[in-house]
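A.B. asks: Heads up: the sequence lines are chains V and Y, in that order. For the first sequence, position 63 matches number 494 in the working numbering, and the numbering has no gaps at all. For the second sequence, position 190 matches number 192 in the working numbering, and the numbering has no gaps at all. Okay, handing you the structure first.
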Amino acid sequence: MAQRKLSILAWQIFILVVLLSVWEWGYDTAKALLPRAFVPSILDPYFIAKPSMIWTSFLKLGCFADPAGFLACYGATPNNLWLATLVTIKNMLWGFLWGASLGVLIGLTLGRSAYLSKIFEPFIVAMNSIPRIALVPLIILMFGLGDLSKVVTASIVVFFVVFFNTFEGTRSVDRDQIAAARLLGASELTVLRTVVIPSALAWVFASLTPAVSFALIGVIVGEFIGAERGLGKLIIEAEARANAAEMMVSIIVMMIVGIILAFIVRRIQAYLLRWQPQFEQQH
Amino acid sequence: MTDASNDLTMAHTTAGSAARAPGAGGAADVAAPVRIRVSNLDKRFRTAGDGVVAVDNVSFDVRQGEFVALLGPSGCGKSTILNMVAGLLDATDGEMAIDADPVVTGKVNRKVGYVFQRDTVFPWRTVEGNIGYGLEIAGVPKEERRRKVERAIEVSGLAGFGSSFPRTLSGGMRQRVALMRTLILEPDILLMDEPFGALDTHTKLEMHKTLLEIWERERQTVLFVTHDLGEALTLSSRIILLSARPGRLKEDFEVPFPRPRDAVSLRETAEFGQLYSHIWHSLGEEFRRTKAE
Ligand SMILES: Nc1ncnc2c1ncn2[C@@H]1O[C@H](COP(=O)(O)OP(=O)(O)OP(=O)(O)O)[C@@H](O)[C@H]1O
Ligand SMILES: [Mg+2]
Numbered sequence: 432m433a434q435r436k437l438s439i440l441a442w443q444i445f446i447l448v449v450l451l452s453v454w455e456w457g458y459d460t461a462k463a464l465l466p467r468a469f470v471p472s473i474l475d476p477y478f479i480a481k482p483s484m485i486w487t488s489f490l491k492l493g494c495f496a497d498p499a500g501f502l503a504c505y506g507a508t509p510n511n512l513w514l515a516t517l518v519t520i521k522n523m524l525w526g527f528l529w530g531a532s533l534g535v536l537i538g539l540t541l542g543r544s545a546y547l548s549k550i551f552e553p554f555i556v557a558m559n560s561i562p563r564i565a566l567v568p569l570i571i572l573m574f575g576l577g578d579l580s581k582v583v584t585a586s587i588v589v590f591f592v593v594f595f596n597t598f599e600g601t602r603s604v605d606r607d608q609i610a611a612a613r614l615l616g617a618s619e620l621t622v623l624r625t626v627v628i629p630s631a632l633a634w635v636f637a638s639l640t641p642a643v644s645f646a647l648i649g650v651i652v653g654e655f656i657g658a659e660r661g662l663g664k665l666i667i668e669a670e671a672r673a674n675a676a677e678m679m680v681s682i683i684v685m686m687i688v689g690i691i692l693a694f695i696v697r698r699i700q701a702y703l704l705r706w707q708p709q710f711e712q713q714h
Numbered sequence: 003m004t005d006a007s008n009d010l011t012m013a014h015t016t017a018g019s020a021a022r023a024p025g026a027g028g029a030a031d032v033a034a035p036v037r038i039r040v041s042n043l044d045k046r047f048r049t050a051g052d053g054v055v056a057v058d059n060v061s062f063d064v065r066q067g068e069f070v071a072l073l074g075p076s077g078c079g080k081s082t083i084l085n086m087v088a089g090l091l092d093a094t095d096g097e098m099a100i101d102a103d104p105v106v107t108g109k110v111n112r113k114v115g116y117v118f119q120r121d122t123v124f125p126w127r128t129v130e131g132n133i134g135y136g137l138e139i140a141g142v143p144k145e146e147r148r149r150k151v152e153r154a155i156e157v158s159g160l161a162g163f164g165s166s167f168p169r170t171l172s173g174g175m176r177q178r179v180a181l182m183r184t185l186i187l188e189p190d191i192l193l194m195d196e197p198f199g200a201l202d203t204h205t206k207l208e209m210h211k212t213l214l215e216i217w218e219r220e221r222q223t224v225l226f227v228t229h230d231l232g233e234a235l236t237l238s239s240r241i242i243l244l245s246a247r248p249g250r251l252k253e254d255f256e257v258p259f260p261r262p263r264d265a266v267s268l269r270e271t272a273e274f275g276q277l278y279s280h281i282w283h284s285l286g287e288e289f290r291r292t293k294a295e
């Protein structure tokens, strides 16, 4: 078993090294060896930069390369890498929290009431068929270039994902389990708290991991279209200067943020759903 | 719950059961008050076709301290009757009453405990959490709850599994959990819908032992649905036999075996065999009718 794990890890490192090497030296090597027509332009550092260039850009954007020192640089650049990352994470978290809370709340309410869900069904279907991205310019018009419009965008994107899952989860709660709880003395509210919510939780969590990525997408798109700060803004600025390496820095930072947040959600999920067989090992 | 003096290990001291001769296995105690009354009960389900008549004009009484088995072939409307008595389902016609109070659909009667045919333990709660559920939501203090749950776990032979989640338990153990979850609230009327229907013969016998032990101590009023004749004879004091669908009352007879009963040795007695084959003939007809459909 341990050996298997080791060999998996070895393969992963090997693949990573190959990819990075091709990225770093592939284009130059190909140019030196092959006729011009065969040089793969997809590897052109002008478009995709190079690991070494990305590292240099990272040091620069991250204020590590400034001769005046880190703090001076940090204070002087309004949208430096760290600030931009924090702003994007902040907007994303707020958007995620609002969207997920509303999604769970409304999903539970409509899931428990056939009457209300019948009333609201056409509205929700209509809203859901709007591509979320199409709303972003409107949202920026309404809420301005500041952080609020990003929070709103992210929460709308998150809301629908979480809402639909919570709704389905609530509707698929075992009726006999609800009846059993009632017969054991549970009130409507107690049934909701002790049966419906725990049982729908699996569905809710199934939507939260993608919701984290969606929240990030929402914020970044908002920042692309109109913003004063944030990682998306950093990318747009780098694009204006045709600086692929700087774009890559922001993209990699986003990737790391996404991985960390997804990891946190999974840990919480594994704990809360530890009664389910698929989460047995983790605890 | 309300009657705090009752405990799982204490004998019931309600008037009806105290009046019974100890060791009596059958003979209806006519002095005992009627706890469950079902009169002229009809149930028709609306379906895509003409609708299904599930229950047709069924009437019976269950008196204080009786253990009544509702026996009939699969699909004859046993669960339907029980669900109506529990207030989980509307009757098409007829009346039901618990202690002379008419049953209102959707309103839970605290005196009544119900054990489902299907597995309804909460998979997200541990064994302790499941058994203590009713006490917890009733706001029973933690210490008292823990004490009662512990005793229930012991009585039901689940010792050592208190903090396990249901998915790690066998079917029989899960059904013990479901049973204790209901019994810990000390309902003095118990409605049970084939609680052991999904278990293998051996586990079933074990469950019979446990249930007999508890019931012979506490003498709750029980209405126990089953399609297993042996089970009905082992456990009950009276058997109500239903016909195949639509469920009609077919026969109603006493089970005279003395108590305390032993679930295993009882089955080896001659009386058991005789009664079994007698009822089997009535029942056999019904089974053939269901099969022919
Ligand atoms: N909700 C429903 N809608 C339509 N028909 C139903 C419904 N519930 C039960 N029935 C029908 O009513 C009849 C009686 O069902 P019921 O569940 O009471 O049977 P049962 O005696 O408990 O059988 P079993 O021993 O298999 O549990 C069956 O024919 C079933 O098809
Ligand atoms: Mg049934």
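Each residue gets a CB set at the ideal place from its N, CA and C atoms; glycine is no exception.
Is there contact between the segment 119 to 133 of chain Y and the segment 99 to 106 of chain Y, where contact requires at least three CB pairs shorter than 8 Å?
C.D. replies: They do not touch, by the three-pair rule.
A.B. asks: In the segment 135 to 147 of chain Y, which residues sit with their C-beta less than 7 Å from some C-beta in chain V, listed in chain order?
C.D. replies: Y135, G136, I139, A140
A.B. asks: Give the residues whose C-beta lies closer than 7 Å to at least one heavy atom of ligand 2, in chain order.
C.D. replies: Y/K80, Y/S81, Y/Q119, Y/D195, Y/E196, Y/V227
A.B. asks: Which of the residues in the segment 28 to 49 of chain Y, read from start to end, lie with their CB under 7 Å from any CB of chain V?
C.D. replies: none
A.B. asks: Is the Cβ of V/W706 closer than 8 Å to any Cβ of chain Y?
C.D. replies: As a working mapping, residue 706 of chain V is identified with position 275 in the first sequence. Cβ-Cβ to chain Y under 8 Å: yes for V/W706.
A.B. asks: According to DSSP, is Y/L90 helix, strand or coil?
C.D. replies: For the purposes of this step, residue 90 of chain Y is identified with residue 88 of the second sequence, where counting begins at 1. Three-state result, Y/L90: coil.
A.B. asks: Can you give me the Cβ contacts of V/P629 inside the same chain, cut-off strictly under 8 Å, excluding the 5 residues immediately before and after it?
C.D. replies: Position 198 of the first sequence, counted from the first residue, corresponds to residue 629 of chain V. Closer than 8 Å at Cβ, skipping near neighbours: no residue.
A.B. asks: If you draw a straight line from the alpha carbon of Y/T271 to that of Y/L277, how long is it in whole angstroms?
C.D. replies: The residue labelled residue 271 of chain Y in the question sits at position 269 within the second sequence. The residue labelled residue 277 of chain Y in the question sits at position 275 within the second sequence. Going from the Cα of Y/T271 to the Cα of Y/L277 covers about 10 Å.
A.B. asks: On a Cα-Cα basis, can you pick out the residue from V/I485, V/E455, V/I439 that is closest to V/S417?
C.D. replies: Any question about residue 417 of chain V goes unanswered here, given that chain V covers just 432 to 714.
A.B. asks: Would you report the Cα separation of Y/Y135 and V/K549, rounded to the nearest angstrom?
C.D. replies: As a position in the second sequence, residue 135 of chain Y is number 133, starting the count at 1. As a position in the first sequence, residue 549 of chain V is number 118, starting the count at 1. Approximately 33 Å between the Cα atoms of the pair.
A.B. asks: Compare the C-alpha of V/I492 against each of V/A503, V/D475, V/N511 and name the closest.
C.D. replies: Along the first sequence, one-based indexing puts residue 492 of chain V at 61. The question names Ile, yet the displayed sequence has Leu at residue 492 of chain V. The shortest Cα separation from V/L492 among V/A503, V/D475, V/N511 belongs to V/N511.
A.B. asks: For a test of the three-state rule: what should DSSP assign to V/I648, helix, strand or coil?
C.D. replies: Locating residue 648 of chain V in the first sequence gives position 217, where the first residue counts as 1. Assigned with DSSP and collapsed to three states, V/I648 falls in helix.
A.B. asks: In chain Y, which residues lie less than 9 Å from V/G542 when you measure between Cβ atoms?
C.D. replies: Looking up residue 542 of chain V in the first sequence gives position 111. Ordered by position in chain Y, no residue passes the 9 Å Cβ test against V/G542, which lies about 17 Å from the chain.
A.B. asks: At a cut of 8 Å, does the segment 594 to 613 of chain V reach the segment 680 to 700 of chain V through at least three beta carbon pairs?
C.D. replies: no
A.B. asks: Could you please give the first and the last residue of the uninterrupted alpha helix (DSSP H) stretch that includes Y/D195?
C.D. replies: Against the second sequence, residue 195 of chain Y aligns to sequence position 193. Run containing Y/D195: none in the alpha helix (DSSP H); it sits in the beta strand (DSSP E), 191 to 195.
A.B. asks: Run the CB neighbour count on V/W442, radius 10 Å, all protein chains shown included, and call it buried at 16 or more, exposed below.
C.D. replies: Start at 1 with the first residue of the first sequence, and residue 442 of chain V comes out as number 11. When all chains shown are included, V/W442 counts as exposed.
A.B. asks: Should Y/P24 be labelled buried (16 or more other beta-carbon atoms within 10 Å of its own) or exposed?
C.D. replies: Translated into positions along the second sequence, residue 24 of chain Y becomes position 22. Because Y/P24 carries a pLDDT of 39, less than 50, the predicted location of this residue cannot be relied on, and the following value inherits that uncertainty. Per the 10 Å Cβ criterion, exposed.
A.B. asks: Checking 8 Å against the spacing of the C-beta atoms, do Y/F274 and Y/L72 come in under that value?
C.D. replies: Reading the second sequence from its first residue, position 272 is the one you call residue 274 of chain Y. Reading the second sequence from its first residue, position 70 is the one you call residue 72 of chain Y. Taking 8 Å as the Cβ cut-off, Y/F274 and Y/L72 do not qualify as a contacting pair.
A.B. asks: With a threshold of 8 Å between beta-carbons, can Y/A200 be considered close to chain V, or not?
C.D. replies: One-based indexing of the second sequence puts residue 200 of chain Y at position 198. Closer than 8 Å: no.
A.B. asks: May I have the straight-line CA-CA distance separating Y/E196 from Y/D44, to the nearest angstrom?
C.D. replies: The residue labelled residue 196 of chain Y in the question sits at position 194 within the second sequence. The residue labelled residue 44 of chain Y in the question sits at position 42 within the second sequence. Straight-line Cα distance between these residues: approximately 21 Å.
A.B. asks: Return the residue from the list Y/L285, Y/S166, Y/I281, Y/R247 that minimises the CA-CA distance to Y/A56.
C.D. replies: Looking up residue 56 of chain Y in the second sequence gives position 54. Here the closest residue by C-alpha is Y/R247.
A.B. asks: From V/A585 to V/L572, what distance separates their C-alpha atoms?
C.D. replies: Counting from 1 along the first sequence, the entry for residue 585 of chain V is found at position 154. Counting from 1 along the first sequence, the entry for residue 572 of chain V is found at position 141. For V/A585 and V/L572, the distance between alpha carbons rounds to 16 Å.
A.B. asks: Report yes or no: is there a C-beta of chain Y within less than 8 Å of the C-beta of V/A610?
C.D. replies: Translated into positions along the first sequence, residue 610 of chain V becomes position 179. V/A610 counts as touching chain Y.
A.B. asks: Measure from the C-beta of Y/L187 to each C-beta in chain V and report whether the shortest distance is under 8 Å.
C.D. replies: The residue given as residue 187 of chain Y occupies position 185 in the second sequence. Answer yes: the Cβ-Cβ gap between Y/L187 and chain V drops below 8 Å somewhere.
A.B. asks: Should V/L623 be flagged as near chain Y, meaning a C-beta pair shorter than 8 Å?
C.D. replies: Within the first sequence, the letter at position 192 stands for residue 623 of chain V. It does not: the Cβ of V/L623 has no partner Cβ on chain Y nearer than 8 Å.
A.B. asks: Straight-line CA distance for Y/V60 to Y/R250?
C.D. replies: If you number the second sequence from 1, residue 60 of chain Y lands on position 58. If you number the second sequence from 1, residue 250 of chain Y lands on position 248. Going from the Cα of Y/V60 to the Cα of Y/R250 covers about 6 Å.
A.B. asks: State yes or no: is the beta carbon of V/L615 nearer than 8 Å to at least one beta carbon in chain Y?
C.D. replies: Counted from its first residue, the first sequence places residue 615 of chain V at position 184. Judged by the 8 Å Cβ criterion, V/L615 is in contact with chain Y.
A.B. asks: DSSP three-state label for Y/E220, please.
C.D. replies: What you label residue 220 of chain Y is simply residue 218 of the second sequence in a count that begins at 1. Correct three-state label for Y/E220: helix.
A.B. asks: In the DSSP assignment, what are the bridge partners of Y/S41?
C.D. replies: Within the second sequence, numbered from 1, the residue matching residue 41 of chain Y stands at position 39. In DSSP, Y/S41 forms a bridge with Y/E97.
A.B. asks: Taking DSSP as the reference, what is the three-state secondary structure of Y/R46?
C.D. replies: As a first step, residue 46 of chain Y must be located in the second sequence, where it is residue number 44. Of the three classes helix, strand and coil, the one that applies to Y/R46 here is strand, per DSSP.
A.B. asks: Listed from N- to C-terminal order along the chain, which residues in the segment 262 to 283 of chain Y have their beta-carbon within a distance smaller than 7 Å of any beta-carbon of chain V?
C.D. replies: In summary, no residue of the segment 262 to 283 of chain Y has a CB separated from any CB of chain V by less than 7 Å.
A.B. asks: Would the segment 190 to 210 of chain Y count as touching the segment 107 to 117 of chain Y if we require 3 or more Cβ pairs under 8 Å?
C.D. replies: Put simply, the segment 190 to 210 of chain Y touches the segment 107 to 117 of chain Y. At least three CB pairs are less than 8 Å apart.
A.B. asks: Show which residues of chain Y have a CB atom less than 7 Å away from the CB atom of V/P629.
C.D. replies: Indexing the first sequence from 1 puts residue 629 of chain V at position 198. Here the neighbours are W126.
A.B. asks: Ordered along the chain, which non-local residues of its own chain (more than five positions away) have a Cβ less than 6 Å from that of V/K522?
C.D. replies: On the first sequence, residue 522 of chain V is found 91 positions in, with the first residue counted as 1. Per the sequence shown, the amino acid found at residue 522 of chain V is Asn instead of Lys. D578, K581, V582, V650.
A.B. asks: Where does the unbroken beta strand (DSSP E) through Y/K252 begin, and where does it stop?
C.D. replies: Taking the first residue of the second sequence as 1, we reach residue 252 of chain Y at position 250. Element bounds for Y/K252: 251 to 256.
A.B. asks: Could you check how far apart the C-beta atoms of V/L639 and V/A531 are, in whole angstroms? I think they sit under 8 Å.
C.D. replies: Residue numbering aside, residue 639 of chain V sits at position 208 when the first sequence is read from its first letter. Residue numbering aside, residue 531 of chain V sits at position 100 when the first sequence is read from its first letter. Contact holds; Cβ gap of about 7 Å.
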